[in-house]
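Chains as they are written, first to last, in this note's numbering: chain A, 1 to 386; chain B, 387 to 741.
Glycine included, C-beta positions come from ideal geometry on N, C-alpha and C.
Just so we're clear, the structure is a prediction, and the values are computed from it rather than from any experiment.
The block underneath contains the structure these notes are about, expressed in structure tokens.
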């Protein structure tokens with residue numbers, strides 16, 4: 001376990017990423033000034049803006065560290081982290097391309113065929129092609145190995161039947177990477193017989209229905225596959241390798257800075273008011289949040305550094321996600337209290353608006369990408385050497 | 387980081403494993419000075435650790451010092467290791483010759499600039515670690531503009547009344563109602579290029595490193611105990627309610643370690659105090675949760691004198707309050723943003739974590 005290892009060393013990225021960070025900040029300032037976006041919390045799930053994604057893609061800021069033949073700019077993993085954390089902290093609407101860039105592309109880079117890489121990665125990098133996650137089902141959540149969606153080999157194609165839920169952004173995505181059974185379930189080897197297919201969401205037999213969020217907003221969907229024909233060349237990796245691949249995909253899904261920066265626009269406004277005012281007892285709550293944020297960023301750098309070196313810091317990422325999403329949840333309550341108790345903060349309309357947008361969906365922080373309970377199970381088993 | 391951290395940490399771990407068992411710690415808590423352990427610690431040359439090589443020191447940096455203190459914290463070493471490191475650093479910064487340890491250290495708010503002008507000073511400082519057993523005290527005070535001043539008192543220049551912190555380590559009372567600064571070996575001078583906040587921050591950082599070490603030990607003890615203790619026919623570590631707390635204990639320990647390492651590697655500059663503030667604050671928060679979880683999972687056994695858990699938990703909780711508790715550093719952290727005229731919180735966070 002990296003963080004508990006006496007030899008663990010934090011990476012330093014300040015010097016190498018400074019120029020890029022400046023450029024991203026300038027872009028964000030220009031976008032805000034020109035009405036390109038209004039900051040909001042949770043912008044990586046709620047901010048679905050294909051135009052914005054295309055503008056980022058045109059600058060090369062999606063998949064910046066991918067090889068150039070796949071649409072990347074051959075930068076470092078820390079360059080991409082820099083771009084992502086600046087966009088998230090600013091509350092920019094990165095939701096349209098987020099999942100494709102975060103996990104679909106790395107999955108295809110690692111396990112996909114050369115043809116798949118050439119077909120999809122440049123379009124993801126351009127910010128024009130979006131992917132959805134095809135993992136959860138009506139009866140399948142944390143226990144992912146029990147998926148019931150099935151694909152059968154018929155000629156040169158797979159015929160897919162099943163149902164996926166909580167599919168963020170499927171209504172504007174072009175593809176989903178669907179985890180399904182391609183061999184009957186074996187109770188003695190639950191993880192065997194699973195495969196991943198790249199499914200065209202506009203194909204015949206695909207039905208997408210919205211699942212409204214509790215505040216009426218729409219990013220969840222139900223996606224039904226009724227005898228959907230998927231060409232053989234859309235199988236990712238080998239048949240039966242789905243579990244190994246999806247585990248790797250989850251590591252990408254869990255390791256990013258969006259797991260502690262979802263409420264940063266809210267905190268930014270609150271802390272701006274606190275810092276602009278005179279010292280007061282409310283500095284204590286603000287300082288505590290700052291220390292947690294600084295530590296989370298440092299831990300996140302550690303995870304990202306290990307990923308960049310080809311390691312698979314699954315447990316470390318789970319730790320950062322548990323700590324980070326608890327921080328997000330707590331930050332809402334801490335700001336709420338400041339809005340009443342701290343005269344420097346009370347009555348600010350911009351803050352009230354950010355809070356009104358963030359609060360209803362804050363229960364999702366500890367659920368998405370694996371519940372905190374599942375993460376703690378993983379961490380404990382690792383500690384116990386199981 | 388210099389190349390010192392790993393060999394230093396390994397040497398410290400070997401030495402503490404051999405010579406700082408829980409019996410040595412328990413004996414020290416009754417007032418016995420662990421001379422054999424100190425003789426062994428001296429081989430690690432703590433007083434010279436932060437002295438540059440061209441002045442006869444080991445040329446270590448704060449990451450090296452934190453590596454040493456994390457090990458000391460892990461083994462509850464009942465000696466002024468942090469204090470000797472800090473005193474050695476300050477003596478060198480003041481251009482004074484190195485002193486043989488053990489050395490004590492205290493960071494006070496005494497106006498030493500005024501004392502220097504008058505040639506006399508009144509001192510009444512409590513909780514001075516092992517002052518009665520030390521060869522000298524590096525007592526830091528401040529001048530009018532927030533600059534750091536050093537008053538070095540050799541053993542002959544003071545009498546300390548032995549006392550003990552709740553944690554069990556010596557925290558003595560130094561009371562000198564009218565001390566002439568002309569006594570033999572007594573020095574009072576400004577520490578050029580150091581602010582009072584820098585010195586307090588460094589002292590806090592080393593305490594945070596000790597806390598991180600104590601959390602590591604509490605995690606190891608708790609993992610072992612929950613793997614052995616059987617109830618309802620199985621080890622309690624098999625229960626999910628227990629496993630989730632183990633995960634949190636590990637997360638908090640990890641957070642404390644990372645916060646300490648980040649601050650240790652932050653160069654002196656506009657953001658170093660912010661990084662040290664975050665380290666002491668975050669380690670303090672971790673200590674609170676780690677002690678709570680470790681005791682909860684040890685049940686009644688963990689609150690007995692016989693079980694060694696309390697050696698770690700009493701210390702980690704007491705260390706939270708030394709050199710600035712969480713609330714103190716929280717306010718300093720916000721003030722650091724105010725002083726820097728930071729354009730925004732996120733930009734400040736990036737600056738203070740970029741090293």
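- Neighbours of residue 623 of chain B across chain A, judged by C-beta separation under 7 Å: 384.
- Close CB contacts of residue 93 of chain A within its chain, under the 6 Å cut and outside five residues either way in sequence, are with 37, 43, 47, 49, 52 (chain order).
- The continuous stretches of alpha helix (DSSP H) do not include residue 176 of chain A, which lies in the beta strand (DSSP E) extending over residues 175-181.
- Chain A places no beta carbon closer than 8 Å to that of residue 516 of chain B, leaving this residue out of the contacts.
- In this structure, residue 316 of chain A places its C-beta atom within 8 Å of the C-beta atom of residue 2 of chain A.
- With a threshold of 8 Å between beta carbons, residue 28 of chain A makes no contact with chain B.
- The continuous stretches of alpha helix (DSSP H) do not include residue 228 of chain A, which lies in the beta strand (DSSP E) extending over residues 220-231.
- Proximity of residue 582 of chain B to chain A, defined by a Cβ-Cβ separation below 8 Å, is not satisfied.
- Between residue 645 of chain B and residue 660 of chain B, the gap from beta carbon to beta carbon reaches 8 Å or more.
- Taken atom to atom, the span from the alpha-carbon of residue 540 of chain B to that of residue 477 of chain B is near 12 Å.
- Proximity to residue 741 of chain B across A:237, A:11, A:4 peaks at A:11, based on C-alpha coordinates.
- Here residue 300 of chain A has 257, 320 as same chain residues with Cβ atoms under 6 Å from its own Cβ, once five neighbours each way along the sequence are excluded.
- Contacts with chain A (Cβ-Cβ distance below 8 Å) from the region 697-729 of chain B involve 712, 713, 715, 716, 717, 718, 719, 720, 721, 723, 724, 728, listed in chain order.
- In the structure shown, the three-state DSSP call for residue 51 of chain A is helix.
- At least one CB of chain A lies nearer than 8 Å to the CB of residue 732 of chain B.
- The straight-line gap separating the alpha-carbon atoms of residue 448 of chain B and residue 6 of chain A is approximately 16 Å.
- Following the DSSP letters along the chain, one finds residue 448 of chain B inside the alpha helix (DSSP H) bounded by residues 448-460.
- Boundaries of the beta strand (DSSP E) around residue 152 of chain A: 150-154.
- Those residues of the region 535-569 of chain B placed with their C-beta closer than 7 Å to a C-beta in chain A do not exist.
- Closer than 8 Å to the CB of residue 295 of chain A there is at least one CB belonging to chain B.
- By the Cβ rule, the region 280-295 of chain A counts as touching the region 325-339 of chain A, because three or more pairs are nearer than 8 Å.
- Judged by beta-carbon spacing, residue 264 of chain A lies within the 8 Å limit of residue 91 of chain A, meaning their Cβ atoms are closer than that value.
- For residue 582 of chain B, the number of other beta carbons within 10 angstroms of its own is at least 16, and it is reported as buried.
- Of the residues assessed, residue 687 of chain B falls on the exposed side of the cut-off, its CB having fewer than 16 other CB atoms within 10 angstroms.
- Listed by position along chain B, the residues whose Cβ is nearer than 7 Å to that of residue 284 of chain A are 713, 716, 717.
- Distances from the CA of residue 555 of chain B to each of B:650, B:518, B:648 were compared; the closest alpha carbon is that of B:518.
- For the options B:458, B:544, B:433, the alpha carbon positioned closest to that of residue 485 of chain B is the one of B:433.
- In the three-state reduction of the DSSP assignment, residue 41 of chain A falls in the coil class.
- For residue 196 of chain A, the enclosing beta strand (DSSP E) covers residues 194-200.
- Sequence-distant partners of residue 406 of chain B (beyond 5 residues in either direction) whose C-beta falls short of 7 Å from its own C-beta, in its chain, are 423, 461, 463.
- Pairing residue 723 of chain B with residue 716 of chain B gives a Cβ-Cβ distance that is not under 8 Å.
- Taking CB atoms only, residue 13 of chain A has a neighbour in chain B less than 8 Å away.
- Straight through space, the alpha carbons of residue 733 of chain B and residue 278 of chain A are spaced by roughly 20 Å.
- Here the C-alpha atom of residue 125 of chain A lies approximately 8 Å from the C-alpha atom of residue 64 of chain A.
- In this structure residue 259 of chain A does not touch residue 308 of chain A by the C-beta definition: roughly 17 Å separates them, more than the 8 Å allowed.
- When DSSP states are grouped into helix, strand and coil, residue 693 of chain B belongs to the coil group.
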